[in-house]
Each structure stands twice: as structure tokens, then as C-alpha cells.
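Following: one structure in C-alpha cells, then a few remarks.
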Amino acid sequence: MAGIEALAHVFRPGEAPGPALLTLHGTGGDELDMLPLASAMAPGAPVLSPRGAVREGAANRWFRRFSEGVFDLDDLRRRATDLAAWVAAAREVHRDALAGRPLVALGYSNGANIAAAALLAGHRGVVDAAILLRAQHTLDAAAGLDLRGLPVLLLSGAADPVVPAPEAARLAAALRAGGAAVAHETVPAGHGPDPRDVALARRFLADRAAPPA
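Mapped onto this note's numbering, the consecutive letters of the sequence shown carry residue numbers 921 to 1133.
Next comes the structure, spelled out in C-alpha cells:
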């Protein structure tokens, strides 16, 4: 992947103190899709919001799949590497607005899966923390993975018809095995975002006031 122009995106500067958000939409979303959720979770925060480059019919995605729940793992690894490189370039372009702020991934569904895959593939520096809504296990951890101290909030839906509970638990276990500090919460909801996700995320973000040491 080249520079920041490789992905369609929007950048919304913010004046509120605290973290900036990297929003990663679900299947069928775009660079605008996650902005309302970002505003609810972190009012006034800077938001970097790219669009996934993979097309599945008319839907935008972050990586290819062969069928529902059956992922193209080679493509996933490549796209995770591409995303990490893109975020590094974007952080440089927007360094004045992002300086001194931790960058927190806010991913939903397919977007949460690409964020988790980037971390499990060893791209430790892509973000400083992550909020993963309705994510599932996709990749095994890279050899020697070191995510020590990386805060992750994994938010699952008790009635989610897309992500089986064991797959969410596998993801939490894989991230913890790499050293991440994972809080895994299950809310009484389906696959879609829920107001209880917002409340939990706001508490999580309140603890991310400064970059990790």
C-alpha cells in the first residue's frame, strides 16, 4: 500500500482532551458510517476514519472471505499489514492534531476483526488501545507476539446471530496470550451496536487519557 491516499477516508479534528479514534466500519459501511458512534463514545475527539478497500458485491469490507464466517486468511494477513502501514502514514500526515494523544481503534464487526488481526499479526504500534465490537477469532497469534500492556475492550452481544460466543472467547484468549490487557464484556444485545456498548466504551476511554509509557 502506498500513502494515505490509498484508502478513501475522512479526518475529523477534535478539540476535546483525551484519545483520538481510528474507526473501522463493518461490512457494507464506509468512512462516514462510524462517525455517530465515535461522537457518542468520545464527544469532540479527533477521528480518523478510512474505508475498507475490498468489495464484496456492492459492500465495502476490510478483507476477503469465501463465505459467511470462512475467511481468506492470506488476504487477511496482507490487508492487516496494509492497514498498519496506512495508519502509520496517516498519523504522520495528521501529527499536529494527533500529537500527545493515544490512538484507539474503534472497530465494529468486520472492522473489529481487521483491528484484532493487525494486533495478532504483530503490528503492535498500529494503535495504543482497541475497542472491538462484535469481533471474533480470525488469526492465530504471530510467533513471539508481544502486546504487553495494550488495553483492549471486547464487547460481545449475548444474542449475536453472527459471532458465536466461543469465537469471541477465543479472540479474548488469543489477545491475552499475547499479553494484552483484555476486558471482555457481553451485553444483552444482538450483532448491532447498543447503548450499553457506548457506556462501557466511554468508561474505557476515560482511562486512556495519555499514551502508554
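No residue lacks a Cβ here, since even glycine has one placed at the ideal position from N, Cα and C. These numbers come from a predicted model, not from an experiment.
Where are the beta strand (DSSP E) runs, 3 residues long or more, that stay fully inside the stretch 975-1017, in chain order? 979-981, 985-987
What alpha helix (DSSP H) runs, 4 residues minimum, are completely inside the stretch 1027-1082? 1030-1040
Test item: CB-CB of residue 1010 and residue 941 under 8 Å: Position 90 of the sequence shown, counting from 1, holds the residue named residue 1010. Position 21 of the sequence shown, counting from 1, holds the residue named residue 941. No. Outside cutoff.
Should the stretch 1065-1085 be called in touch with the stretch 1096-1103, which here means at least 3 C-beta pairs below 8 Å? yes
Where the alpha helix (DSSP H) containing residue 1103 begins and where it ends: Residue 1103 sits at position 183 when you count from the first residue of the sequence shown. Premise fails: residue 1103 lies in the beta strand (DSSP E), 1101-1107, not in any alpha helix (DSSP H).
Can you check whether the CB of residue 1004 is closer than 8 Å to the CB of residue 1043? For the purposes of this step, residue 1043 is taken as residue 123 along the sequence shown, with counting starting at 1. For the purposes of this step, residue 1004 is taken as residue 84 along the sequence shown, with counting starting at 1. For residue 1043 and residue 1004, yes; Cβs fall inside 8 Å.
Checking 8 Å against the spacing of the C-beta atoms, do residue 1013 and residue 1048 come in under that value? Position 93 of the sequence shown holds residue 1013. Position 128 of the sequence shown holds residue 1048. Residue 1048 is positioned such that its CB atom lies no closer than 8 Å to that of residue 1013.
Report the option in 1076, 1084, 1045, 1094 whose CA atom is closest to the CA atom of residue 907. Outside the displayed span of the chain (921 to 1133) sits residue 907, for which this structure offers no information.
Among 1006, 928, 956, 1031, which one has its Cα closest to the Cα of residue 946? Position 26 of the sequence shown holds residue 946. If we check each option's Cα against that of residue 946, 1031 comes out closest.
DSSP on residue 956, reduced to helix/strand/coil? Here residue 956 corresponds to residue number 36 of the sequence shown, with the count starting at 1. Helix at residue 956.
Measure the Cβ-Cβ separation of residue 1062 and residue 1040 and say whether it is below 8 Å. In the sequence shown, residue 1062 corresponds to position 142, counting from 1. In the sequence shown, residue 1040 corresponds to position 120, counting from 1. Taking 8 Å as the Cβ cut-off, residue 1062 and residue 1040 qualify as a contacting pair.
Alpha carbon to alpha carbon, how far is residue 1055 from residue 987? Give it in angstroms, no decimals. In the sequence shown, the residue the question calls residue 987 occupies position 67. In the sequence shown, the residue the question calls residue 1055 occupies position 135. Taken atom to atom, the span from the alpha-carbon of residue 987 to that of residue 1055 is near 17 Å.
Tell me, to the nearest whole angstrom, how far the beta carbon of residue 954 is from that of residue 1121; I am working on the premise that it is less than 8 Å. To locate residue 954, count along the sequence shown from 1; it is residue 34. To locate residue 1121, count along the sequence shown from 1; it is residue 201. No, residue 954 and residue 1121 are not in contact; Cβ-Cβ is about 12 Å, not under 8 Å.
Below 8 Å between beta carbons: does that hold for residue 1021 and residue 966? Here the question's residue 1021 lines up with position 101 in the sequence shown. Here the question's residue 966 lines up with position 46 in the sequence shown. Yes; because the gap between Cβ atoms is below 8 Å, this pair is in contact.
Quick one: Cα of residue 1036 to Cα of residue 958, how far? One-based indexing of the sequence shown puts residue 1036 at position 116. One-based indexing of the sequence shown puts residue 958 at position 38. Rounded to whole angstroms, the separation of the alpha carbons of residue 958 and residue 1036 is 18 Å.
Mapping the DSSP letters down to three states, classify residue 932 as helix, strand or coil. The residue you call residue 932 lines up with position 12 of the sequence shown. If DSSP states are grouped into helix, strand and coil, residue 932 belongs with the strands.
To which residues does DSSP link residue 947 through a beta bridge? As a working mapping, residue 947 is identified with position 27 in the sequence shown. Residue 947 pairs with nothing; no bridge assigned.
With residue 1120 as the anchor, note down where its alpha helix (DSSP H) starts and where it stops. Here the question's residue 1120 lines up with position 200 in the sequence shown. Here the alpha helix (DSSP H) through residue 1120 covers 1115-1126.
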